[in-house]
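Notes to accompany the following structure.
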Amino acid sequence: MSSPSSQDPWSESMSNVALLFVGAVLLVNGLVFLGRVDGRAAIPINLLAGATLVLNALLMVASVEPDTPTTFGAVGFALFGFTYLTVALNSLLGGSGRALGWYCGWAAIIATVLALINFSDGAAPQMGWLWASWALLFLSFFLALIVSGEWWTPAAGILAIVQGFTTATVPALMMIDGSWATASAAIIGLVQIGGAVVYVFAVFYFRTRRETVSDVPTGSVAVPL
Numbered sequence: 007m008s009s010p011s012s013q014d015p016w017s018e019s020m021s022n023v024a025l026l027f028v029g030a031v032l033l034v035n036g037l038v039f040l041g042r043v044d045g046r047a048a049i050p051i052n053l054l055a056g057a058t059l060v061l062n063a064l065l066m067v068a069s070v071e072p073d074t075p076t077t078f079g080a081v082g083f084a085l086f087g088f089t090y091l092t093v094a095l096n097s098l099l100g101g102s103g104r105a106l107g108w109y110c111g112w113a114a115i116i117a118t119v120l121a122l123i124n125f126s127d128g129a130a131p132q133m134g135w136l137w138a139s140w141a142l143l144f145l146s147f148f149l150a151l152i153v154s155g156e157w158w159t160p161a162a163g164i165l166a167i168v169q170g171f172t173t174a175t176v177p178a179l180m181m182i183d184g185s186w187a188t189a190s191a192a193i194i195g196l197v198q199i200g201g202a203v204v205y206v207f208a209v210f211y212f213r214t215r216r217e218t219v220s221d222v223p224t225g226s227v228a229v230p231l
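7 is the number of the first residue of the sequence shown in my numbering; add one for each residue after it.
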């Protein structure tokens with residue numbers, strides 16, 4: 007989650023593998039938001055992924071001098087790692103999720119800062135686009151867990167599934183085979199903007215669907231959309 011050139015080969019390989027599994031967890035958690043997977047069934051993968059990401063972040067920090075770009079990469083892994091650990095513990099303990107929601111709101115701010123850092127130095131615009139997308143992802147989690155409105159939750163699920171592939175699985179595979187460094191930042195940007203458009207569409211779709219069901223007169227049968 008940092009510029010590959012800023013890491014030693016071992017840390018880079020660990021980061022790429024960790025990012026690959028971020029995609030898997032986003033897929034599963036997206037299905038949880040959509041009600042397709044039980045929250046408790048997702049506890050093991052969140053625990054494993056969260057612990058792996060936090061461990062990777064600690065190893066990255068321990069292997070470099072302070073104030074290097076790799077430190078920002080460690081921040082990124084820690085953001086996601088603590089998110090997944092909190093999701094797992096929240097499901098295990100039966101929490102309301104509001105604390106996790108506020109954490110995601112804070113994480114959205116940090117992700118925005120990391121996006122600006124990657125864009126500003128000009129060395130890693132590809133990562134800048136990924137962090138911009140992750141800022142939206144954390145914001146969607148905040149809205150789903152804190153703001154009233156049932157439509158926020160399934161919309162966040164759709165975004166998580168989309169980003170599981172566009173910001174994690176595919177980029178990680180490209181990093182592993184070495185093609186990420188030469189990938190077009192413009193194309194990556196268009197893909198990420200497309201994901202944001204899908205999220206906005208999902209919000210309006212689920213909100214309209216909810217309002218349509220609410221307007222059905224008592225005693226009538228609503229047709230599922």
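Where is the CB? At the ideal position from N, CA and C, for every residue including glycine.
Being a predicted model, the structure only gives us computed values, none of them experimental.
W112 and S97 have their C-alpha atoms roughly 21 Å apart. For R216, the CB contacts under 7 Å within the same chain, skipping 5 residues up- and downstream, are E156, W157 in chain order. When DSSP states are grouped into helix, strand and coil, A130 belongs to the coil group. Per DSSP, reduced to three states, the secondary structure at R42 is coil, with no helix or strand assignment. In the three-state scheme derived from DSSP, where H, G and I count as helix and E and B as strand, W157 is classed as coil.
By the CB criterion at 9 Å, I152 and L40 fall outside the cutoff. Within the same chain, and ignoring the five residues on either side of V31 in sequence, the residues whose Cβ sits closer than 7 Å to its Cβ are I51, N52, A55, Y90.
In the structure shown, G79 falls within a helical segment according to DSSP collapsed to helix, strand and coil. Secondary structure of S185 (DSSP, three-state): coil.
S139 carries a helical assignment under DSSP once its states are collapsed to helix, strand and coil.
Residues W157 of the same chain have their beta carbon placed closer than 6 Å to that of R213, with the five preceding and five following residues left out of the count. The three-state reading of DSSP puts S21 in helix, counting H, G and I together.
Exclusion of the five residues before and after G45 leaves V38, S97 as the residues of its chain whose Cβ lies within less than 7 Å of its Cβ. Distances from the CA of V206 to each of S139, V176, R104, L59 were compared; the closest alpha carbon is that of S139. Comparing alpha carbon positions, the residue from S19, A208, V23 closest to V168 is A208. Per DSSP, the continuous alpha helix (DSSP H) segment holding G56 begins and ends at 49-68.
In this structure, DSSP gives G201 a helical state, which the three-state scheme calls helix. At a Cβ-Cβ threshold of 9 Å, V81 and L120 count as neighbours. When secondary structure is reduced to three states using DSSP, S190 falls in the coil class, being assigned neither helix nor strand.
Secondary structure of S102 (DSSP, three-state): coil. L99 sits exposed, since fewer than 16 C-beta atoms from the chains shown fall within 10 Å of its C-beta.
F210 is classed as exposed because its beta carbon has fewer than 16 other beta carbons within 10 Å across all chains shown.
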